[in-house]
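Last residue of the sequence shown: 783 in this note's numbering, with the numbers rising by one and none dropped.
Glycine included, every Cβ here is placed at the ideal spot set by N, Cα and C.
As the structure is a computational prediction, the values presented were derived from the model and not from experiment.
Please read the structure below before turning to the comments.
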Amino acid sequence: MSPTATYLLSEIDGRNLYYAFIAGAKKIIEHQTELNKINVFPVNDGDTGSNLAGTVRSVLETLHPDRSYKVTADRIAEASILNARGNSGIIFAQFLYGLSKETEEVKSVNLGQFAEALKNSVRYVYEAVARPVEGTMLTVIKDLAEFIYNSKNRFSDFNHLFISSYEILTKSLLETRTKLAILEKNKVVDAGAKGFVLFFEGIMDFINSRNIKDIVSAKSAVYSFTKEEEVIPENITFRFCTEAILKESPLGNNELMSILERYGDSVVVAGSDRVKRLHLHTNTPSELFYYLRDKGTIAFQKADDMIRHNQIANNRKWNIALVTDSACDLEKELFDRYQINMVPININFGDNHYLDKVTIQPEQFYSMLEECTEYPKTSQVNENTFINLYSHLASHYDSVIAVHISDRLSGTFFSSEKAAQKISREFNKPISVINSRNLSGSLGLIVLRVAQAIESGLPHDQVVKLAERWISNARIFVSVKNLKYMVRGGRVSHTKGLFARILNINPIVSLDETGKAIVFDKTFSQEANMKKVMKHIEKIKEEKDIWNYIVLHANNEKAADWYAGKMEVLTGMKPVSVVNISPVIGANAGIGSASVALLCD
């Protein structure tokens, strides 16, 4: 049954647009879990709802109303382009961008002006997608725009126009099921298209009720969710849903699309000549961004693991989700075996932004470390990243445990903790965020033990309690080849660096009980340094049993092999992993460093 009009609205100004957007966003956020559950196209990774909710959430956090319709429309469009997430999120953002571009400099719009801008915005959406597919959000946007444009002279107010439009929109949504075989097979409508219809529903509700008090309170509302029919998993060809903001690029949109299609599919290029938002599905995000590093300024990157999202939505091994960050060094196979969600820490080479271990791999990082005149800087994961992740996990799991790099070394723990508090309240589910007071291999061992505890079926609170014990029993020793990189990164003064170089001092870096980095010991050669590390470990073994260990290196396999051999003789065990140390750690330890991390019982 269609809604009825209560208040008549003949023009929309900036404030009306602002409140209408909040109402539409509220509707998406309320139904994000439902959208996740029916998400099967273009990839069944169960995150369309989370992505659309994340997109509109970010806009709400930065959006300020203006009395002018045009000013407010421009602000919404810019915030959407900069914060869009996922295939549907970027298409939705491009729709809003097209709507703002096609709107004249006016304080308010009437039916005719709105209908004209809406019709013209469709072109922006289709041109942004490399291979447009009907039966998706594209189709419902087009059908809505065509109906409103053709009907603009039949109505005198937005209320009655939108009520009539809603019937066309729901019909278009239902038809998506028959336009795509994958939707028909799973007996669902397109998730992105439904997200757009929900957004329109929210706008329509506001225009008819004009209840501003309820709309403004939407930001802090707690939402409940309904369980939907299980969908049939599909094979995923390209693992990473990859996005970026590219600024001041000499490449045109069509040229960029051609480049992106070499690396994967589901290509979308949105935005203006000044700022472009890129989207594609690929297996090699690091190769793509290595290619793009001199094709403009890479101001933002995102690469969501769609295989992990698919597992979360359709093949969860346990009811507790496990999260860590990229300072956790473990072999990729272990992340996959235990379905660990890894959040990448940010790395910046000059103005170019990368995601540790996702859009830049250790081998590329160490190559760029030698080539670039500007030393890389790392920065913590922001709160919004965790809000989006925890929203997605909370819609599928009973609880979440996150174990992060020491809060003395990064603010990532605090961002995660703040986000967890918000989402835990919103979903009424426990999310425990743990400060590991460790990093790299020692963090990896703690995360591995937590994963195994979850696998064994232990309850949430008991796993958290055990994690604190394991944290106290973790150690790491980093043999630094020289202080060159610590000086370049600002961790050591030039004077101390020069003094150490003259005396050929090689420090052993470790962590104290609070998780702060300390110079644990020092020698006058790396060979002596490594031998001293082994003596410290032998002393530890005399007092405690070693549960397991990890060997790490920064492009120094020879040193890693030496450590692995010595540790195997000492413990009678092969290492959990021998890995190239995370760029976040290697940026300070430097090329040539090697490390042993261990966890005692």
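Sub-9 angstroms separation of residue i and residue j beta-carbons
i, j, result
"alanine 485", "isoleucine 273", "no"
"asparagine 762", "leucine 734", "yes"
"leucine 380", "glycine 206", "yes"
"leucine 242", "phenylalanine 203", "yes"
"isoleucine 719", "isoleucine 732", "no"
"asparagine 492", "asparagine 226", "yes"
"leucine 630", "leucine 512", "yes"
"methionine 319", "phenylalanine 378", "yes"
"asparagine 738", "glycine 697", "no"
"threonine 541", "methionine 524", "no"
"serine 764", "proline 558", "no"
"isoleucine 628", "valine 585", "yes"
"glycine 384", "isoleucine 653", "no"
"leucine 433", "lysine 477", "yes"
"tyrosine 473", "glutamine 546", "no"
"threonine 321", "serine 270", "no"
"serine 777", "serine 661", "yes"
Nearest-angstrom Cα separation, counted from residue j out to residue i
i, j, result
"asparagine 218", "asparagine 496", "11 angstroms"
"isoleucine 616", "isoleucine 587", "9 angstroms"
"aspartate 769", "serine 508", "It is alanine, not aspartate, that sits at residue 769 in the sequence shown. If I take the Cα positions, the gap works out to 13 angstroms."
"aspartate 372", "aspartate 229", "13 angstroms"
"leucine 356", "leucine 343", "20 angstroms"
"isoleucine 494", "histidine 535", "28 angstroms"
"methionine 716", "glycine 626", "20 angstroms"
"isoleucine 389", "valine 645", "49 angstroms"
"lysine 611", "histidine 574", "12 angstroms"
"glycine 446", "arginine 475", "18 angstroms"
"phenylalanine 609", "serine 598", "16 angstroms"
"serine 391", "threonine 254", "21 angstroms"
"asparagine 436", "phenylalanine 420", "22 angstroms"
"lysine 324", "proline 314", "12 angstroms"
"isoleucine 529", "cysteine 510", "15 angstroms"
"serine 549", "alanine 741", "19 angstroms"
"valine 563", "isoleucine 569", "11 angstroms"
"asparagine 566", "arginine 267", "11 angstroms"
"lysine 429", "glycine 196", "28 angstroms"
"aspartate 783", "threonine 560", "33 angstroms"
"glycine 772", "leucine 300", "54 angstroms"
"alanine 736", "isoleucine 658", "15 angstroms"
"isoleucine 258", "leucine 245", "7 angstroms"
"alanine 310", "leucine 264", "15 angstroms"
"phenylalanine 531", "valine 370", "44 angstroms"
"glutamate 286", "threonine 594", "43 angstroms"
"isoleucine 489", "glutamate 515", "13 angstroms"
"tyrosine 572", "lysine 600", "11 angstroms"
"threonine 358", "asparagine 341", "26 angstroms"
"histidine 213", "cysteine 423", "22 angstroms"
"isoleucine 522", "valine 632", "10 angstroms"
"isoleucine 684", "serine 622", "Bear in mind that the predicted position of isoleucine 684 carries a pLDDT of just 46, short of 50, making it too unreliable to give a figure here."
"aspartate 518", "tyrosine 348", "43 angstroms"
"valine 766", "aspartate 538", "7 angstroms"
"phenylalanine 702", "arginine 590", "16 angstroms"
"alanine 481", "lysine 458", "10 angstroms"
"histidine 316", "asparagine 221", "For the sequence presented, residue 316 should be read as glutamate rather than histidine. Cα-Cα distance, rounded: 16 angstroms."
"isoleucine 613", "arginine 651", "19 angstroms"
Residues that residue i bridges to, as DSSP identifies them
i, result
"glutamine 483", "Ala426"
"lysine 704", "Pro689"
"serine 561", "Asn528"
"asparagine 617", "His586"
"asparagine 730", "Leu781"
"lysine 458", "Leu428, Gly453"
"valine 505", "Asn523, Ala584"
"tyrosine 536", "Ile529"
"valine 241", "None; valine 241 has no bridge partner."
"histidine 735", "Asn762, Ala776"
"alanine 656", "Leu781"
"cysteine 510", "Ser622"
(message) Closer than 8 angstroms is the cut-off here; do at least three beta carbon pairs connect the region 231-245 with the region 281-296?
(response) No, they do not touch.
(message) With three or more C-beta pairs closer than 8 angstroms as the rule, is the region 634-641 touching the region 598-608?
(response) With a cut-off of 8 angstroms, the region 634-641 and the region 598-608 do not count as touching, because too few Cβ pairs lie within range.
(message) If contact is defined by three or more beta carbon pairs under 8 angstroms, each pair taking one atom from either stretch, is the region 331-348 in contact with the region 466-474?
(response) Under the three-pair Cβ rule at 8 angstroms, the region 466-474 does not count as touching the region 331-348.
(message) Which complete beta strand (DSSP E) runs does the region 347-400 hold, if anything under 3 residues is left out?
(response) Counting whole runs of 3 or more residues, the region 347-400 contains no beta strand (DSSP E) stretch at all.
(request) Could you tell me whether the region 241-261 touches the region 285-302, using the rule of 3 or more Cβ pairs below 8 angstroms? (result) The region 241-261 vs the region 285-302: in contact.
(request) Take every Cβ of the region 498-518, pair it with every Cβ of the region 570-582, and state whether three or more of those distances are shorter than 8 angstroms. (result) The region 498-518 is in contact with the region 570-582.
(message) For a minimum of 4 consecutive residues, which ranges assigned as the alpha helix (DSSP H) are wholly contained in the region 274-331?
(response) For the alpha helix (DSSP H) assignment, the uninterrupted runs of no fewer than 4 residues enclosed by the region 274-331 are, from N- to C-terminal side, 293-310.
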